[in-house]
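Numbering (the working numbering), first residue to last: 2 to 171. Ideal Cβ positions, reconstructed from N, Cα and C, are used throughout, including at glycine. Below is one structure, written out as structure tokens, with a few remarks after it.
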């Protein structure tokens, strides 16, 4: 009985101290990013943020990540004429700060814990099944592509080890 009471008490107290969690979510066919708040029970769309620069063209927001300090969020636009872009936005105001041109159809990305650099796979959607694709390595402070490394055919995923020293594109 004591354990049951303690369990009920813990569950009740944890409900009182529920923390809000926020996530940015892309809508690829809408050219928008939603800021979603989860209060421990329900998800709420707090804000819809229009993204891109071409008002009549679907640019395809694709990969998204937030800087380790939480001050910026980064968005890859997969549309390529012929290339795509990585955009940098300020959290809070959600205003675009800068952008840099990348390879064909930039997709998922991750920030290295070791270097602070962003690794973005360029998913060559219209390439042949034997064309080598690339990974763009970007300095997020300067918004400069510092290298473009050849990788496998049509990678779509980009992940780093927790220590940030090894990159995998799949």
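Point to revise | Sub-9 Å separation of residue 63 and residue 135 beta-carbons | key: Along the chain shown, read from residue 1 onward, the residue named residue 63 stands at position 62. Along the chain shown, read from residue 1 onward, the residue named residue 135 stands at position 134. No, Cβ-Cβ distance for residue 63 and residue 135 is not below 9 Å.
**Study point:** Collapsed DSSP secondary structure at residue 95 in the structure displayed
**Key:** The residue you call residue 95 lines up with position 94 of the chain shown. Here residue 95 sits in coil by DSSP.
Point to revise | residue 164, DSSP secondary structure in three states | key: Start at 1 with the first residue of the chain shown, and residue 164 comes out as number 163. Three-state result, residue 164: coil.
Check your understanding: How is residue 151 classed by DSSP in three states: helix, strand or coil?
Key -> In the chain shown, counting from the first residue as 1, residue 151 sits at position 150. In the three-state DSSP reduction, residue 151 falls in the strand class (E or B).
**Study point:** Inter-residue Cα distance where the pair is residue 21 and residue 131
**Key:** Position 20 of the chain shown holds residue 21. Position 130 of the chain shown holds residue 131. Here the C-alpha atom of residue 21 lies approximately 46 Å from the C-alpha atom of residue 131.
Point to revise | Contact with chain D by residue 120, beta-carbon distance below 9 Å | key: Considering every chain present, this structure includes no chain D. It has just one protein chain.
Check your understanding: By the 10 Å Cβ neighbour count, where 16 or more other Cβ atoms means buried, how is residue 24 classified, buried or exposed?
Key -> Your numbering for residue 24 matches position 23 in the chain shown. Burial check for residue 24: the Cβ neighbour count within 10 Å stays below 16, so the residue is exposed.
Practice item. Grab me the residues of residue 156's own chain with a C-beta within less than 7 Å of its C-beta, minus the 5 sequence neighbours each way, in chain order. Key: In the chain shown, counting from the first residue as 1, residue 156 sits at position 155. Closer than 7 Å at Cβ, skipping near neighbours: 122, 124, 134, 170 and 171.
Check your understanding: By DSSP, does residue 129 sit in helix, in strand, or in coil?
Key -> Numbered from its first residue, the chain shown carries residue 129 at position 128. Looking at residue 129 - three-state DSSP - the assignment turns out to be coil, as it is neither helix nor strand.
Check your understanding: Is the stretch 61-79 touching the stretch 23-41, taking contact as three or more C-beta pairs under 8 Å?
Key -> A contact exists between the stretch 61-79 and the stretch 23-41.
Check your understanding: Roughly how many angstroms lie between the CA atoms of residue 146 and residue 114, to the nearest whole one?
Key -> As a position in the chain shown, residue 146 is number 145, starting the count at 1. As a position in the chain shown, residue 114 is number 113, starting the count at 1. Distance between the alpha carbons of residue 146 and residue 114 is about 18 Å.
Point to revise | Residues bridged to residue 110 (per DSSP) | key: The residue you call residue 110 lines up with position 109 of the chain shown. Answer is 121.
Exercise for review: Please report the Cβ distance between residue 139 and residue 119, rounded to the nearest whole angstrom; I am assuming they are in contact, meaning their Cβ atoms lie under 8 Å.
Suggested key: As a working mapping, residue 139 is identified with position 138 in the chain shown. As a working mapping, residue 119 is identified with position 118 in the chain shown. About 4 Å separates the two Cβ atoms, so the contact holds.
Practice item. Measure from the alpha carbon of residue 84 to the alpha carbon of each residue in 112, 163 and 149, then state which is nearest. Key: The count along the chain shown starts at 1 and reaches residue 84 at position 83. Ranking 112, 163 and 149 by Cα distance to residue 84 puts 149 first.
Exercise for review: On the DSSP bridge assignment, give the partners of residue 66 in chain order.
Suggested key: Translated into positions along the chain shown, residue 66 becomes position 65. As a beta-bridge residue in DSSP terms, residue 66 pairs with 75.
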